[in-house]
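First comes the structure, then the notes that go with it.
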Ligand code: OXT
Ligand code: ADP
Ligand code: MG
């Protein structure tokens, strides 16, 4: 097949020679680094690049667009990086982020590290400066040894020096990003590589269409039987679904396993909706009851990290912060080294979640006994009590609005639009949304993830809209929004159906703190009071709404969903409504000296 972007070029020396001999013109088919990279990505099903142009990749962005790739151009590389990473999570294909050298590369690097931490497949492709000058530290334009810097933060890092090796470089990057435990990969492309000419046929032949980039990893039969036996003999079993389970796209089998075994489950934040949050077996509203009470816990694509209190301590019924609670654990994970990282894993099941869950389903036969009724009843009691308490709080209509009264509206809008993507960041804005807004379908909730990182908001929203084509609702703390707020211009430029709801309480956690010295500077935790964030959206042609009541918020959200226009709703929340760090106040070190 002819390379779609191969250049037909008459070499200068050949042309000169032909002229001199006045003989017939010899034409040679050539391609170059620019086109080989584009062809390599296209051959591997990559259809979108998230990036920011400049030396040495400006022309690459133009040529990629000309070759039919979608190039989404951002205002800051960090947001392009977050977009790429979440596109990877949504599609199981590595999301591509393209940046310039040194500062652009560093701007993208936080997102790459975050992708690796969260097990999202992405490839950060950065142009870099001249190797011989960089290596002798002679002060090149944007000089930096980017490969060395990326290595400890990426799952893998590669550099390509010759255009003929681009195919191999891209293939290696794709395999590294998506096989086994997914992660972030860095691909370093020095400026000189792009214009390197290569004979078109040689170039074509150097490209690789990666076959089976994320091969299934079948668990051993013994590990499956060990796990199923442990579950069957449990008196108080619990399943915890993590974002690895959401990533695996084994939705029907996961649901069947929960329903066939009849075991209650707890979804981690980004696994919400894997089964509808309204499912009878969801124990989300009884979290603090089920964790210490369960006797056998099966983790599917979830790590026993800080979000699960490392599997020990009070949360799990342990007597002291380091004490184990006595549960037995089953861990289904693709990484063989994850087991025993925090507490003993009695039954590791190592493999891809699709294969593991389907093997377990086969092992759960007609003789399967559902969990004891008293366990299910005890959970239902806790759950109903919490749900009723929540319903009471949500029904209140205080002035000014608080998180609950605003989120009651978001909850209704999401319920009415279950295909909408929900992006969520902040502290209180995050934690309240997680427990109030039910999700109904898999991979619809995208949030701060393993690092609790602020700044994912607009990047995730843009990728969610571009990849899914669905309406996006971004529920943002006012501080959280500030990290990526300038991307509202990007949202307007590409006319994306993104509705941003800022839960604006005038600050980080709360807006009512004051400078203890009585000085003129404000507290480090507060912002300009009554800031009119909606005007930022209006500046670029989108819809801005200032909403001070749940009714106004509802009308604005309904209109945003109906029109699919870029919309920013500045929802004014009582500045005294939040708590320090939301639900994770206990992680704040407290000073010994008062
Ligand atoms: O069982 P109990 O009784 O305990 O009740 C639980 C459930 O059973 C119940 N529940 C329900 N009840 C009724 N109905 C339903 N449906 C229901 N569902 C659940 O509700 C409770 C709570 O349930 P949950 O949430 O499941 O349980 P819990 O105990 O909270 O779970 C524990 C965790 C750890 C799993 C959970 O809390 C969690 O996932 N937390 C994530 C926390 C997180 O990541 N936070 C973000 C980071 S905070 C901080 O770092 C911030 N910074 C610093 C910063 C960061 N992060 N990044 C960068 C780059 N720079 C700086 C900053 C600057 S946040 C922040 C900005 C904050 O200001 P904003 O203005 O943006 O935000 P506001 O705070 O709004 O002002
Ligand atoms: P959460 O934050 O939701 O608890 P984590 O990010 O801690 O989830 O855990 C995700 C886990 O899922 C990781 O340990 C990762 O190795 C695993 N994982 C990711 N994809 C797959 C897959 N396809 N099959 C099996 N395990 C996977
Ligand atoms: Mg706030």
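Numbering (our numbering), first residue to last: 858 to 1451. Backbone N, C-alpha and C fix where the C-beta goes; we use that ideal spot for every residue, glycine too.
- The beta carbon of residue 932 lies closer than 7 Å to those of 1343, 1344, 1346, 1347 in the same chain, with the five residues before and after it left out.
- Contact between residue 1296 and residue 1329 does not hold, since their C-beta atoms are separated by about 14 Å, which reaches or exceeds 8 Å.
- Residue nearest to residue 1235 within the set 922, 1151, 1405, 1177 is 1151 (criterion: CA-CA distance).
- Here the distance from the Cβ of residue 1144 to the nearest heavy atom of the ligand ADP is not below 8 Å.
- The ligand MG has a heavy atom closer than 8 Å to the beta-carbon of residue 1367.
- Contact check for residue 1225 against residue 1092 fails: the beta carbons are separated by 9 Å or more.
- For residue 925, the number of other beta carbons within 10 angstroms of its own is below 16, and it is reported as exposed.
- Under the three-state reduction of DSSP output, residue 1313 falls in the coil class, being neither helix nor strand.
- For residue 1438, the shortest C-beta to heavy atom distance toward the ligand MG is 8 Å or greater.
- Residue environment for residue 1447: exposed (fewer than 16 other C-beta atoms within 10 angstroms of its C-beta).
- For residue 1026, the CB contacts under 7 Å within the same chain, skipping 5 residues up- and downstream, are 1015, 1017, 1044 in chain order.
- Secondary structure within the segment 1363-1440: the beta strand (DSSP E) runs of 3 or more consecutive residues, fully enclosed, are 1400-1404, 1424-1429 (chain order).
- Residue 888 sits close to residue 1061, with the two beta carbons spaced by under 9 Å.
- The three-state reading of DSSP puts residue 1280 in strand, counting E and B together.
- Nearest C-alpha to residue 1131 among 1298, 1046, 1228, 1090: 1298.
- Here the distance from the Cβ of residue 1284 to the nearest heavy atom of the ligand MG is below 8 Å.
- Sixteen is the threshold: when 16 or more other Cβ atoms of the shown chains lie within 10 Å of the Cβ of residue 1122, as they do, the residue is buried.
- Under the three-state reduction of DSSP, residue 996 is assigned to coil, being neither helix nor strand.
- In the DSSP assignment, residue 909 falls outside any beta strand (DSSP E), carrying neither H nor E.
- One Cα belongs to residue 1134, the other to residue 953, and the distance between them is close to 32 Å.
- Here residue 1281 is not near residue 1418, since their CB atoms are 9 Å or more apart.
- The alpha-carbon of residue 1107 is positioned some 5 Å away from that of residue 1211.
- Relative to the ligand OXT, the nearest heavy atom lies less than 8 Å away from the CB of residue 1246.
- By the Cβ test, the segment 911-921 is not in contact with the segment 1071-1079, since fewer than three Cβ pairs between them sit closer than 8 Å.
- Looking at the backbone, the Cα of residue 1440 and that of residue 956 are separated by about 36 Å.
- In this structure the segment 1153-1160 touches the segment 1175-1188; the number of beta carbon pairs closer than 8 Å is three or more.
- For residue 1247, there is no enclosing beta strand (DSSP E); the residue is found in the alpha helix (DSSP H) stretching over 1230-1252.
- Here residue 1240 is buried, its C-beta having at least 16 other C-beta atoms within 10 Å.
- For residue 1259, there is no enclosing beta strand (DSSP E), as DSSP marks it with neither H nor E.
- For the ligand MG, a non-hydrogen atom lies closer than 8 Å to the CB of residue 1363.
- Residue state for residue 1138 is assigned as coil, using DSSP reduced to three classes.
- Assigned with DSSP and collapsed to three states, residue 1186 falls in strand.
- The closest heavy atom of the ligand OXT lies less than 8 Å from the beta carbon of residue 1163.
- Contact between residue 1289 and residue 1251 is absent: CB atoms are separated by about 10 Å, not below the 8 Å threshold.
- Contact annotation: residue 1170 and residue 1180 have beta-carbon atoms nearer than 9 Å.
- Relative to the ligand OXT, even the nearest heavy atom lies 8 Å or more away from the CB of residue 1238.
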